[in-house]
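Counting from 1 along the sequence shown, just add 801 to a position and that's the residue number in the numbering used here. Scroll down for the structure; my scribbles are underneath it.
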Amino acid sequence: MRHEDLVLSTVESRKAAAHSSVAASWSRSVQRYGLDPSGKRCSDIVDEQELSYRREAMEQFLQIASPKLDRLFGLVSASGCAVFLTDNEGVILDQRCKEGDLNSFQSWGLMAGADWSEQSEGTNGIGTCIAEDRSLIIHRDQHFFSKNTAMSCIDTPVYGSDGRIMGALNISSARADQTAEINKMIAAMVSQSAKQIESDNFRATFSGARITLLNTGDTEKNALIAIDTDDVAIGATRDARQLFGWEKFGEFAPMAARDIFGGSDDKLEAFDRAQRAAMVRALTRSNGNVSQAARALNIGRATMYRRMKRFGLI
């Protein structure tokens, strides 16, 4: 059966979309976006001015992500994979690709400025990852368009400091021998790189705050809270928001750090012990130089003295 026939027969089935996320995406592609799986049209490309505008709007994010893209590409480039980073609408803003593979990926529409939203390309790694707000793998004939079925796409959302999706991190490959097992291994690297980008972007956004990493017991979680010099929480990552049952994204309502961790229970005591230990380490490394220790902890000198007094260090 031809791929386009399989897609359309699946869409016509009333049960398929309820039992398969791929089938559900195929249905959206046909019924919501009016796409034809046999379509041979070229990918939508934004013009240079629009691409420049989109990049400028995410300048800090792209600068932070760049070394992570380099590192990720270094891990997968030998296997014929390329790395792409998009904005939250699925438009590719940055990429890493071997020179010898560049023409091939461009012929498939994978290039800077290309719109890989689900609305434009139907079911695909980038667009469906954003549409469904989750990490996923779209392997070869799981794509909507027949023209895209030679590719495997591994994607994960990248969240901003306010918990909203900023874009998708994608690795694409057109190797015929790329197995599901290899895709899973690559997916783990993609997820880890996305978390590193999120963490560094969060720290840069709240550069004047103390960043507390919460121990969730899950190494894939990125639960960070930004706390100012008055011990008021002023920001939280998507994972931290989910951990405490807060709104997943949007403006963060400031709250006292003690209210988050409790008044005098074990969590607060552990939190205080961790703060005290961090101060002792910083003072030890600075040979007792309070100003130097304060800079290392990214807090003011007055705040350092106040906390030293609180924890009995002076």
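From the three backbone atoms N, C-alpha and C, an ideal C-beta is built for every residue, glycine too.
Count the other CB atoms within 10 Å of the CB of residue i; is the residue buried (16 or more) or exposed (fewer)?
| i | result |
| --- | --- |
| E849 | exposed |
| A1005 | exposed |
| Q979 | buried |
| P838 | buried |
| K816 | exposed |
| D1066 | Its pLDDT being 48, under 50, D1066 is placed unreliably in this model, and the coordinates cannot settle the point. |
| D956 | buried |
| M1080 | buried |
| R897 | buried |
| I1115 | exposed |
| C843 | exposed |
| K996 | buried |
| S1092 | exposed |
| E1021 | exposed |
| E1052 | exposed |
| S810 | exposed |
| T1085 | exposed |
| K869 | buried |
| S994 | buried |
| M1105 | buried |
| A1078 | exposed |
Going by the beta-carbon positions, is the gap between residue i and residue j smaller than 8 Å?
| i | j | result |
| --- | --- | --- |
| I966 | N889 | yes |
| L894 | M859 | yes |
| D1029 | A1054 | no |
| L970 | L852 | no |
| A1103 | A1083 | no |
| V959 | I998 | yes |
| S962 | F1003 | yes |
| L863 | R856 | yes |
| V892 | G914 | yes |
| D1128 | D845 | Residue 1128 falls outside the range modelled here, since the chain spans only 802 to 1115, and no answer is possible. |
| A1058 | A1095 | no |
| L1025 | S1000 | yes |
| G881 | R976 | yes |
| E933 | S821 | no |
| S973 | A883 | yes |
Under three-state DSSP, which class holds residue i?
| i | result |
| --- | --- |
| M1109 | helix |
| M859 | coil |
| I1115 | coil |
| A1079 | helix |
| F885 | strand |
| T980 | coil |
| R1011 | strand |
| L1084 | helix |
| A1037 | strand |
| L807 | helix |
| L836 | coil |
| A879 | helix |
| D845 | coil |
| M802 | coil |
| D895 | strand |
| A1027 | strand |
| A1054 | coil |
| K996 | helix |
| D1032 | coil |
| D1066 | Any answer about D1066 is weak, because its pLDDT of 48 lies below 50 and its placement is not dependable; what the coordinates show is given next. Coil at D1066, not helix or strand. |
| I1100 | coil |
| E851 | helix |
| K1049 | coil |
Would you say residue i faces chain B, with C-beta separation under 8 Å as the test?
| i | result |
| --- | --- |
| I938 | Any reference to chain B falls outside this structure, which holds one protein chain only. |
Open item on the list: Between the stretch 827-836 and the stretch 927-947, can you find at least three pairs of beta-carbon atoms closer than 8 Å?
Closed with: yes
- [ ] Would you list, in sequence order, the uninterrupted beta strand (DSSP E) runs of no fewer than 3 residues that lie entirely inside the stretch 914-977?
- [x] Listed in chain order, the beta strand (DSSP E) runs fully inside the stretch 914-977 are 937-940, 953-960 and 966-974, counting runs of at least 3 residues.
Task: the stretch 914-932 contacting the stretch 948-956, beta-carbon criterion three pairs below 8 Å - done: yes
Open item on the list: Whether or not the stretch 1038-1053 and the stretch 1096-1110 are in contact is what I'm after, with contact meaning three or more pairs of Cβ atoms, one per stretch, closer than 8 Å; do they touch?
Closed with: Touching, no.
TODO: Count the C-beta pairs between the stretch 982-993 and the stretch 900-911 that are closer than 8 Å, then say yes if the count reaches three, no if not.
DONE: No, because fewer than three Cβ pairs between the stretch 982-993 and the stretch 900-911 fall closer than 8 Å, the two stretches do not touch.
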